[in-house]
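In terms of this note's numbering, the sequence shown opens at residue 1130 and continues consecutively.
Every residue, glycine too, gets a C-beta built ideally from N, C-alpha and C.
Just so you know, these numbers come straight off a predicted model, no measurement behind them.
In what follows, a single structure is set out as structure tokens and then discussed.
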Amino acid sequence: MKLKEFQGKQLFKEFGISVPKSFLVEKNFNETLVKEKALSLGKQVVLKAQVLTGGRGKAGGVKVIESQKVIESLKKMLDSEIKGFKIEQVLVEEKINLEKEFYLSLTIDRDEKNLVFIASSKGGVNIEETAEKEPEKIVKLKVGKNLEENILEEISSKLKLPEIKEIAESLHKIFFGLDASLLEINPLVFDGKKLIAADAKVLFDDNALFRHQELLKFKNVEEETEIERKAKEFGLAFVELTGNVGVIGCGAGLVMASLDVLKYYGVNPANFLDVGGGASKEKTIQALETVLMKKELKAVFVNIFGGITRCDDIAQGIVEFKEKNELKVPLIVRLIGTNDVIGKQVLEENNVGCFDSMEECARKVKEIIG
Ligand code: GDP
Ligand code: MN
């Protein structure tokens, strides 16, 4: 789960990290009130587009403006897009003095199979360039569940910034307390007196969300595509991908293998969809309905290795779906395992061909879509 900047800052604040004073504005805002509030933040304010993407600074999503002109600037921003994301919310912030911009993050380093703090005395919008051209300006430190004093010491001495210790400690607390997967402050600003998180990037591990009901308030609907929302409604494990062949399977491993085999034959899967073990006729219908929502679809590959799942249930689902809906694209089915003989018979009676091996299916898909 991804947080928008203002949500990330709210979280940081709860954990004692300083953030600039700000307020959030949405479409159809009260102009008198907003102007009054903006003026109370100072002669100038910063408008920040709240979209789930980074690099807003360079794309025009962060603007320093005269508070007097806040209304027209807000209207303009709320009517525009950034990197394909509609701007529905803007954060109006006090303009802080950027005496120095640092970088601090805590994330998972998959190569190291560990968590790492990454810190730099040269933060800001060009951090990627710093990483490439001046790697010596970036410190990377492995860290475990216990945050040892020497790690904090090392970060603060490398950056010559004793105040950063407390912030690193807060990030560590958030990371383990709430099962985050990325916490990033870029820039972490020194305004001449203290450190302030001028931006916030926060990701949580979706698989641990059930442990943190308190995080549900941060859920952003834009994070999901329309099809993903539908899949969730049906309780299907689904991830939308960029290709044009729908995939339905039972069991995550089998679905992954299906994606691999399609890719091997030069076919790009449109999605990952696991109907789960013991899927019913209804689940099958829902799965087809979901996958077929994608406009660019050219074919659907159903891959069932029936264990708990009964092939005849799946076949019944396919047939029923076909009776009620117009199937716009070819269906390629692999059906083996529990009750496969009955399942195959049902499909054949209804003119749906089916195969025993997934390689055969993948080749067939490739043949069809070219
Ligand atoms: P990002 O580009 O999406 O990461 O957006 P940021 O929130 O990091 O903003 C981009 C840049 O705008 C920062 O690196 C700062 O240089 C600048 N910026 C952000 N907030 C302020 C602020 O309050 N005052 C000033 N002067 N500059 C800011
Ligand atoms: Mn940033």
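So Lys1192 and Leu1176 are in contact, right, with Cβ under 8 angstroms, and what is the actual spacing, rounded? Here residue 1192 is taken as the residue at index 63 of the sequence shown, counted from 1. Here residue 1176 is taken as the residue at index 47 of the sequence shown, counted from 1. The C-beta distance from Lys1192 to Leu1176 rounds to 5 angstroms, short enough to fall under 8 angstroms.
List the endpoints of the continuous beta strand (DSSP E) containing Glu1489. Sequence index remark: in the sequence shown, residue 1489 carries index 360 (1-based). If you look at Glu1489, you'll find it isn't in any beta strand (DSSP E); it sits in the alpha helix (DSSP H) that goes Met1487 to Ile1498.
Which residue wins for smallest C-alpha separation from Arg1463, given the options Glu1449, Val1429, Glu1478 and Lys1172? Walking along the sequence shown from the start, residue 1463 turns up at place 334. Here the closest residue by C-alpha is Val1429.
Taking only the alpha-carbon atoms, compute the straight-line gap between Asn1468 and Val1254 and give it to the nearest angstrom. Residue mapping note: residue 1468 aligns to position 339 of the sequence shown, counting from 1. Residue mapping note: residue 1254 aligns to position 125 of the sequence shown, counting from 1. Taking the straight line from one Cα to the other gives about 59 angstroms.
Can you find the residues in the same chain that come closer than 6 angstroms, C-beta to C-beta, to Val1313, ignoring five residues on each side of it along the sequence? As a position in the sequence shown, residue 1313 is number 184, starting the count at 1. The residue you asked about is not Val; residue 1313 is Glu in the sequence shown. The residues Ser1234 and Lys1330, in chain order, have a CB closer than 6 angstroms to that of Glu1313 in the same chain once the five nearest residues on each side in sequence are set aside.
How is the alpha helix (DSSP H) around Gly1137 delimited, first residue to last? Against the sequence shown, residue 1137 aligns to sequence position 8. First-last of the alpha helix (DSSP H) with Gly1137: Glu1134 to Glu1143.
Exposed or buried, what is Phe1434 when buried is set at 16 or more other beta-carbons lying within 10 Å of its beta-carbon? Here residue 1434 refers to the residue found at position 305 when the sequence shown is read from its first residue. By the C-beta density criterion, Phe1434 is buried, having at least 16 other C-beta atoms within 10 angstroms.
Cα-Cα separation between Phe1214 and Lys1271, rounded to whole angstroms: The sequence position of residue 1214 within the sequence shown is 85, counting from 1. The sequence position of residue 1271 within the sequence shown is 142, counting from 1. If I take the Cα positions, the gap works out to 35 angstroms.
Just how far apart, CA to CA, sit Thr1438 and Cys1379? In the sequence shown, counting from the first residue as 1, residue 1438 sits at position 309. In the sequence shown, counting from the first residue as 1, residue 1379 sits at position 250. Thr1438 and Cys1379: Cα-Cα distance of roughly 8 angstroms.
Continuous beta strand (DSSP E) stretch holding Pro1236: start and end: One-based indexing of the sequence shown puts residue 1236 at position 107. The sequence shown places Thr at residue 1236, rather than the Pro named in the question. Annotation for Thr1236: the continuous beta strand (DSSP E) segment containing it runs Lys1229 to Asp1238.
Would you check whether the ligand MN has a heavy atom nearer than 6 angstroms to the C-beta of Asn1315? Locating residue 1315 in the sequence shown gives position 186, where the first residue counts as 1. At a cut-off of 6 angstroms, the beta-carbon of Asn1315 counts as near the ligand MN: some heavy atom of the ligand is closer than that.
CB of Glu1195 to nearest heavy atom of the ligand GDP: below 6 angstroms? By one-based count along the sequence shown, residue 1195 stands at place 66. Relative to the ligand GDP, Glu1195 has its C-beta separated by 6 angstroms or more from all heavy atoms.
Please state the DSSP three-state secondary structure of Gly1365. Taking the first residue of the sequence shown as 1, we reach residue 1365 at position 236. The residue asked about is misnamed: residue 1365 is Leu in this sequence, not Gly. DSSP, read as helix, strand or coil, puts Leu1365 in coil.
Beta-carbon contacts of Lys1495 that lie in its chain and below 7 angstroms, excluding the five residues immediately before and after: As a first step, residue 1495 is located in the sequence shown; it is residue number 366 there, counting from the start. Excluding positions up to five away in sequence, the list reads Tyr1394, Gly1395 and Val1396.
Within the same chain, show all residues whose beta-carbon is closer than 8 angstroms to that of Gln1179, passing over the 5 residues directly before and after it, in chain order. Residue 1179 sits at position 50 when you count from the first residue of the sequence shown. So the qualifying residues of the chain are Lys1133, Glu1134, Phe1135, Leu1153, Ile1216, Glu1217, Gln1218, Val1219 and Leu1220.
Could you say which of Val1481, Lys1473, Leu1307 and Glu1228 lies nearest to Gly1137 if we only look at CA atoms? Taking the sequence shown and counting its residues from 1, the one referred to as residue 1137 is at position 8. Answer by Cα proximity: Leu1307.
State the start and end residues of the unbroken alpha helix (DSSP H) segment that holds Asn1315. In the sequence shown, the residue the question calls residue 1315 occupies position 186. Where Asn1315 is concerned, there is no enclosing alpha helix (DSSP H), although the beta strand (DSSP E) it sits in stretches over Ala1309 to Phe1319.
Using only the alpha-carbon positions, how far apart do Lys1493 and Ile1461 sit? Counting from 1 along the sequence shown, the entry for residue 1493 is found at position 364. Counting from 1 along the sequence shown, the entry for residue 1461 is found at position 332. When rounded, the distance between both Cα atoms is 8 angstroms.
Suppose contacts are defined by Cβ-Cβ distances below 7 angstroms. Is Asn1432 in contact with Met1487 by that definition? Taking the first residue of the sequence shown as position 1, residue 1432 is located at position 303. Taking the first residue of the sequence shown as position 1, residue 1487 is located at position 358. Closer than 7 angstroms, so yes.
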